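Only one structure is covered here, and it is reproduced in the block below.
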Amino acid sequence: MNNRYDVIVIGGGPAGLTAALYARRAGKSVLVVEKNAFGGQIAWSPKVENYPALPSVSGLELSDKLTEQVLSHGAELELDEAVSIKKEADGFLVETAFGGTFFSRALIAAAGAAPKKLGIEKEEQFIGAGVSFCAVCDGEFYRNKTVAVNGGGNTALQEALYLSDLCQKVYLIHRRTEFRGDYALVEALKKRENVAFVLGATIQGLLGENKLTGVRVNAGGDETDIALDGLFVAIGHTPETRLFAQLMALDEGGYADADESCLTQTAGLFVAGDCRRKTLRQLTTAMADGASAAIAACHYLDA
Ligand code: NAP
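Everything in the sequence shown is counted per my numbering, starting at 1044 for the first residue and increasing by one.
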């Protein structure tokens, strides 16, 4: 593999892959570095129903098609974690966990965001032993069992719907009484007989010795234990911007403080997708960013 590119994209989710597609179609050499799975978070979405022109598609199918499309246009994909990014006089040096060293004149930060943790005792210990951050990945382990989903955004609502098809009982635990996620998803959940809403409630503790057996929730000062086989934590995401912190301004939430132009304070560095400050984090807005960042990178390279 060549190790010099016109553009390196960090992150192979919808934003990063779209950026790669646009940059390749503009004739630039492109490497995408992704640490987990090409397709990003959307690959774990059971069903996407708000992607224009495709009324219902699985997230995995969508991300597979996007990855194939990007490969067919000649982008190179590297499954490895970028661990260091250095600004050089004429570009960027990217070092990876497996010892790779890559150079590009333009860099697109599209590393997305990682699931947030509750930050309570035993959470780390119970990952894989009752605590999960992905219903599509782990839901099957809880077939016909009792689970809870924690959160009130679209991820939590979608996961609760998905799990209600598999599990005997699903508790949806949310800290407020209103939901941040889509009205249509809330209405669909209300129609499910095996879904119970536990609202205005926060999880105080995880029960069990070697594996999760339940949660202790506090609702308005009253503490209750709910017996569970599994807990799916879906309380939002933390932006993956740590590597770029010296090269771009971040807002108070750690998101890249850049507008739709996707420009950063560093010449040649662009930002796209969920790791950028924005009001709506969706597949469509991530892809829009990918296109904008790639075209901005091409203008930079051609100037
Ligand atoms: P989100 O929209 O940020 O929602 C996070 C939820 O977790 C909120 O309800 C929040 O409560 C709650 N929460 C946050 N911290 C908490 C804590 N420490 N303890 C308890 N609850 C906590 O995150 P998301 O659902 O992962 O969605 C992220 C973005 O992706 C959103 O823009 C969403 O629309 C989008 N998305 C889209 C699709 C789709 O297009 N099909 C699917 C999934 C996600 P509060 O409401 O009280 O703040």
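We put the beta carbon where it would ideally sit given N, CA and C, even for glycine. Keep in mind it's a predicted model, so treat the numbers as computed, not measured.
Quick check: what's the CA-CA separation for Y1343 versus E1167?
The residue labelled residue 1343 in the question sits at position 300 within the sequence shown. The residue labelled residue 1167 in the question sits at position 124 within the sequence shown. Taking the straight line joining both Cα atoms gives about 43 Å.
What does a CB cutoff of less than 8 Å around S1207 pick up in its chain, not counting 5 residues either side in sequence?
If you number the sequence shown from 1, residue 1207 lands on position 164. For S1207, where only same-chain residues beyond five positions count, the Cβ hits under 8 Å are V1213, L1232, R1235, N1237, V1238.
L1326 in three-state terms, based on DSSP:
In the sequence shown, residue 1326 corresponds to position 283, counting from 1. Correct three-state label for L1326: helix.
Three-way DSSP call (helix, strand, coil) for P1158 in this model:
In the sequence shown, residue 1158 corresponds to position 115, counting from 1. DSSP places P1158 in strand when its eight states are reduced to three.
If I follow the unbroken beta strand (DSSP E) through K1254, where does it start and stop?
Walking along the sequence shown from the start, residue 1254 turns up at place 211. Premise fails: K1254 is in no beta strand (DSSP E) and is neither H nor E.
Buried or exposed: where does N1093 fall if 16 or more other Cβ atoms within 10 Å of its Cβ makes it buried?
Locating residue 1093 in the sequence shown gives position 50, where the first residue counts as 1. The residue is exposed, with fewer than 16 neighbouring Cβ atoms inside 10 Å.
How many whole angstroms separate the CB atoms of A1149 and V1137, which I take to be in contact at a CB cut-off of 8 Å?
Taking the sequence shown and counting its residues from 1, one reaches residue 1149 at position 106. Taking the sequence shown and counting its residues from 1, one reaches residue 1137 at position 94. Contact flag wrong, Cβ pair sits at about 12 Å.
Where does D1123 sit, in a helix, a strand or coil, going by DSSP?
Reading the sequence shown from its first residue, position 80 is the one you call residue 1123. If DSSP states are grouped into helix, strand and coil, D1123 belongs with coil.
What's the C-alpha gap between F1222 and T1139?
As a position in the sequence shown, residue 1222 is number 179, starting the count at 1. As a position in the sequence shown, residue 1139 is number 96, starting the count at 1. If I take the Cα positions, the gap works out to 39 Å.
Please classify G1155: is it buried, with 16 or more other beta-carbons within 10 angstroms of its beta-carbon, or exposed?
Counting from 1 along the sequence shown, the entry for residue 1155 is found at position 112. Answer is buried; the Cβ neighbour count reaches 16.
With DSSP as the reference, identify every bridge partner of N1197, one or two as the case may be.
Here residue 1197 refers to the residue found at position 154 of the sequence shown. Note: N1197 sits in no beta bridge, so no partner.
Check whether the Cβ atoms of E1295 and A1157 sit closer than 7 Å, and answer yes or no.
Working through the sequence shown from its first residue, we reach residue 1295 at position 252. Working through the sequence shown from its first residue, we reach residue 1157 at position 114. No.
D1001 by DSSP, collapsed to three states: which one?
In this structure the chain extends from 1044 to 1346, so residue 1001 is not present and cannot be described.
Please determine if the stretch 1259-1275 and the stretch 1242-1250 are in contact, where contact requires at least 3 C-beta pairs separated by less than 8 Å.
yes
Apart from the five residues on each side of it in sequence, which residues of its chain come closer than 6 Å, Cβ to Cβ, to S1147?
Within the sequence shown, residue 1147 is the residue found at index 104, counting from 1. Around S1147: Y1048, V1050, I1051, G1134, F1135.
Output the distance between the C-alpha atoms of H1217 and T1322, rounded to the nearest integer angstrom.
On the sequence shown, residue 1217 is found 174 positions in, with the first residue counted as 1. On the sequence shown, residue 1322 is found 279 positions in, with the first residue counted as 1. Their Cα atoms are separated by approximately 21 Å.
Excluding sequence positions up to five away, which residues of its chain have a Cβ less than 6 Å from the Cβ of L1200?
Translated into positions along the sequence shown, residue 1200 becomes position 157. Once the five neighbours on either side are set aside, the close Cβ partners of L1200 are G1224, L1228.
What residues are listed by DSSP as bridge partners for T1144?
Position 101 of the sequence shown, counting from 1, holds the residue named residue 1144. Answer is E1138.
Hey, which unbroken runs of the beta strand (DSSP E) at 3 residues or more fall wholly within the stretch 1055-1126?
1073-1077, 1119-1122
Cα separation between G1117 and R1067?
As a working note, residue 1117 is residue 74 in the sequence shown. As a working note, residue 1067 is residue 24 in the sequence shown. Their Cα atoms are separated by approximately 7 Å.
Verify the contact flag: I1021, CB atom, against every heavy atom of the ligand NAP, threshold strictly below 6 Å.
With the chain covering only 1044 through 1346, there is no way to say anything about residue 1021.
Taking the alpha helix (DSSP H) that D1181 falls in, what are its first and last residues?
Here residue 1181 refers to the residue found at position 138 of the sequence shown. Segment 1178-1181, the alpha helix (DSSP H) holding D1181.
Within the same chain, show all residues whose beta-carbon is closer than 8 Å to that of A1299, passing over the 5 residues directly before and after it, in chain order.
Numbered from its first residue, the sequence shown carries residue 1299 at position 256. Here the set comprises A1152, P1282, T1284, F1287, M1291, A1292, L1293, T1307, V1314, C1318, R1319, R1320.
DSSP three-state call for R1285: helix, strand or coil?
By one-based count along the sequence shown, residue 1285 stands at place 242. Correct three-state label for R1285: helix.
Applying the 10 Å Cβ sphere with the 16-neighbour rule, what's the burial state of A1172?
Residue 1172 sits at position 129 when you count from the first residue of the sequence shown. Answer is exposed; the Cβ neighbour count stays below 16.
Do A1277 and E1183 have their CB atoms nearer than 7 Å?
Position 234 of the sequence shown, counting from 1, holds the residue named residue 1277. Position 140 of the sequence shown, counting from 1, holds the residue named residue 1183. No.
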